[in-house]
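The block underneath contains the structure these notes are about, expressed in structure tokens.
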């Protein structure tokens, strides 16, 4: 089954390294407002808080590549003993590119559903690709082995070329990329890829009929 182009952008707060971790409960306070979780309008408040996070997130000139931009062409090294590849060589199939690290709790919780998703999508020409930002590659390799991950996982390298080019500021972050290399969506934060929300996003974007496992 072919895929169609996705044009949606989804953003949820992700996880930062310990040094730069933000506190969701104090997010509104830091940006000038507080949104009580128990408020009857908490859903709207959460959306506003996410927008405030983006607005308070740093240099306004440090703009992320937008939907429709091409995936940067950079070299990637496999965590396994495979030959290096490039992002350009990954074109031809739609891609789900997940940035992760072993120290990131939401990343660890998301991985099992990503593994199951990769197997479900194999017949649909949609590939799951992991990109670790870990410095300790032995630890990253052990993580992949321990969790039985079969989808390809790559190292961005010490320069973090792809992470920098895409302005990935929090983990996990997932990019949906069309077969022609155009960025279709940026999804900040972990998802349950077995659940209705994650599956619905993929079905709308890639024209699939998967159904959740809920």
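In my numbering, the protein residues as written are 2 to 215.
No residue lacks a Cβ here, since even glycine has one placed at the ideal position from N, Cα and C.
Keep in mind that this is a model prediction, so the values were computed, not measured.
Straight-line Cα distance separating residue 185 from residue 142: 29 Å
Residue 183 beta carbon less than 7 Å from that of residue 69: yes
Chain-order list of residues whose beta-carbon lies under 7 Å from that of residue 203 (same chain, five-residue window excluded): 209 and 211
DSSP bridge partner residues for residue 167 (one or two, in chain order): Answer is none; residue 167 lacks a bridge partner.
Collapsed DSSP secondary structure at residue 144 in the structure displayed: helix
Per-residue DSSP class, three states only, for residue 152: coil
Counterpart residues of residue 128 in DSSP-defined beta bridges: 96
Limits of the unbroken alpha helix (DSSP H) element including residue 122: 106 to 122
One or two residues paired with residue 178 in a DSSP bridge: 96 and 184
Reference residue 108, options 200, 191, 187 and 201, closest by Cα: 191
Inter-stretch contact (C-beta, 8 Å, three-pair minimum) for the segment 107 to 126 and the segment 72 to 82: no
Contact set for residue 93: own chain, Cβ-Cβ below 7 Å, skip 5 residues either direction: 180
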